[in-house]
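In the numbering used here, the protein residues as written are 193 to 434. Reviewing the structure listed below.
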């Protein structure tokens, strides 16, 4: 256990004493300083129950997401188009030498190199322009652009899906009761709290998971500060879908 605010670590020491009544274990909290240069790890769940997770760039407006979406692909096409144009320029393919074998077939200008870049990254493949085995660097750039295109697709599609899902606003529509109560239900003491949905649409087949965090001492005398116990929450009504 540690307290990052005061910069000290509380180390739990165990001492076993043999008394006539049997072995007993006593605990003492000893301040222990953090090693120099160590970082304090922030909490994932705050003490009030809120998750300490921030969604950045999700609340951006739709037009900005569209601009970022278009610019990402256009800039990548332009970059690799310039690379293929430089390869053709250095190899002499732009001089229209009929007897020489070009690095990229039918690429005689920057426009043609740009179109070849689009065809490669989007896997269109019209069949008019193609890379040859004359220049290994051209073959490598085709493979590299294909990999970069897959990475860009994954990130951009993930950002668009996160924007459509709007997890931040959805998190604000699910509220929990500030206080939990213990009362008798069916002859047993039950811990009860309420979960509310502020939206007009109903939740279908929702699942609730709860965990109890507490400290305990094992039979071997080991102190566990955060023992996680899964709780099986049940609704008040048996026929409920939750």
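Here a beta-carbon is modelled for each residue, glycine too, at the ideal position from N, C-alpha and C.
Less than 8 Å between C-beta atoms, sequence neighbours within five positions excluded: which residues of the same chain meet that for residue 325?
Counted from its first residue, the chain shown places residue 325 at position 133. Once the five neighbours on either side are set aside, the close Cβ partners of residue 325 are 331.
Tell me the rounded alpha-carbon separation between residue 329 and residue 275.
Residue numbering aside, residue 329 sits at position 137 when the chain shown is read from its first letter. Residue numbering aside, residue 275 sits at position 83 when the chain shown is read from its first letter. If you take the alpha carbons of residue 329 and residue 275, they lie about 10 Å apart.
Mapping DSSP to helix, strand and coil, what is residue 340?
Sequence index remark: in the chain shown, residue 340 carries index 148 (1-based). Helix.
Are the stretch 255 to 272 and the stretch 300 to 320 touching, with three or more C-beta to C-beta distances below 8 Å?
yes
Do the CB positions of residue 421 and residue 402 come within less than 7 Å of each other?
Here the question's residue 421 lines up with position 229 in the chain shown. Here the question's residue 402 lines up with position 210 in the chain shown. Cβ distance not < 7 Å, so residue 421 and residue 402 don't count as in contact.
Can you give me the start and stop residues for the beta strand (DSSP E) that residue 307 sits inside?
Position 115 of the chain shown, counting from 1, holds the residue named residue 307. No beta strand (DSSP E) contains residue 307, which is instead part of the alpha helix (DSSP H) from 302 to 313.
With which residues is residue 374 paired in a DSSP beta bridge?
On the chain shown, position 182 is the one that residue 374 refers to. 383.
Measure the Cβ-Cβ separation of residue 296 and residue 323 and say whether it is below 7 Å.
As a first step, residue 296 must be located in the chain shown, where it is residue number 104. As a first step, residue 323 must be located in the chain shown, where it is residue number 131. Yes, they are a contact pair.
According to the neighbour-count rule (16 or more other Cβ atoms, all chains shown, within 10 Å of its Cβ), is residue 299 buried or exposed?
Counted from its first residue, the chain shown places residue 299 at position 107. Buried: at least 16 other Cβ atoms inside 10 Å.
Taking 7 Å as the limit between beta carbons, can you name the residues of its chain near residue 320, skipping five residues before and five after?
Taking the first residue of the chain shown as position 1, residue 320 is located at position 128. If we look at residue 320 and ignore the five residues flanking it on each side, its Cβ neighbours are 298.
Could you tell me the alpha carbon to alpha carbon distance between residue 306 and residue 261, rounded to whole angstroms?
Walking along the chain shown from the start, residue 306 turns up at place 114. Walking along the chain shown from the start, residue 261 turns up at place 69. Straight-line Cα distance between these residues: approximately 19 Å.
My output table needs one value for residue 417: the three-state DSSP class, helix, strand or coil.
The residue you call residue 417 lines up with position 225 of the chain shown. Residue state, collapsed to three classes: strand.
I believe residue 383 touches residue 372 by the beta-carbon criterion, under 8 Å. Please report the beta-carbon distance rounded to the nearest angstrom.
The sequence position of residue 383 within the chain shown is 191, counting from 1. The sequence position of residue 372 within the chain shown is 180, counting from 1. Contact holds; Cβ gap of about 6 Å.
Can you give the Cα-Cα distance for residue 214 and residue 415, rounded to whole angstroms?
Position 22 of the chain shown, counted from the start, is the residue given in the question as residue 214. Position 223 of the chain shown, counted from the start, is the residue given in the question as residue 415. Per-residue confidence for residue 214 stands at a pLDDT of 46, beneath the threshold of 50, marking its modelled position as unreliable; the derived number appears in the next sentence. If I take the Cα positions, the gap works out to 19 Å.
Give the range of the beta strand (DSSP E) segment to which residue 408 is assigned.
Translated into the one-based positions of the chain shown, residue 408 becomes position 216. If you look at residue 408, you'll find it in the beta strand (DSSP E) that goes 402 to 409.
Please identify the residue among 345, 348, 390 and 292 whose C-alpha is closest to the C-alpha of residue 190.
Missing from the structure shown is residue 190; the chain here goes from 193 to 434 and no further.
In its own chain, which residues sit with a C-beta less than 6 Å from the C-beta of residue 273, not counting the 5 before and 5 after it?
The sequence position of residue 273 within the chain shown is 81, counting from 1. Contacts found: 305, 306 and 309.
So, helix, strand or coil for residue 258, using DSSP?
As a working mapping, residue 258 is identified with position 66 in the chain shown. Note: residue 258 maps to helix in three-state DSSP.
Quick check on residue 342: buried or exposed, where buried means 16 or more other Cβ atoms within 10 Å of its Cβ?
In the chain shown, residue 342 corresponds to position 150, counting from 1. By the neighbour-count rule (16 or more Cβ atoms within 10 Å), residue 342 is not buried but exposed.
Could you give the residue range of the beta strand (DSSP E) that holds residue 395?
Stepping through the chain shown from its first residue, residue 395 is reached at position 203. Taken as a continuous stretch (DSSP letters only), residue 395 belongs to no beta strand (DSSP E), as it is neither H nor E.
Which residue comes first and which comes last in the beta strand (DSSP E) that contains residue 367?
Here the question's residue 367 lines up with position 175 in the chain shown. In this chain, the beta strand (DSSP E) harbouring residue 367 covers 366 to 368.
Could you tell me the alpha carbon to alpha carbon distance between residue 217 and residue 393, rounded to whole angstroms?
Start at 1 with the first residue of the chain shown, and residue 217 comes out as number 25. Start at 1 with the first residue of the chain shown, and residue 393 comes out as number 201. The predicted model places residue 217 with a pLDDT of 45, which falls under 50 and marks its position as unreliable, so this point remains unresolved.
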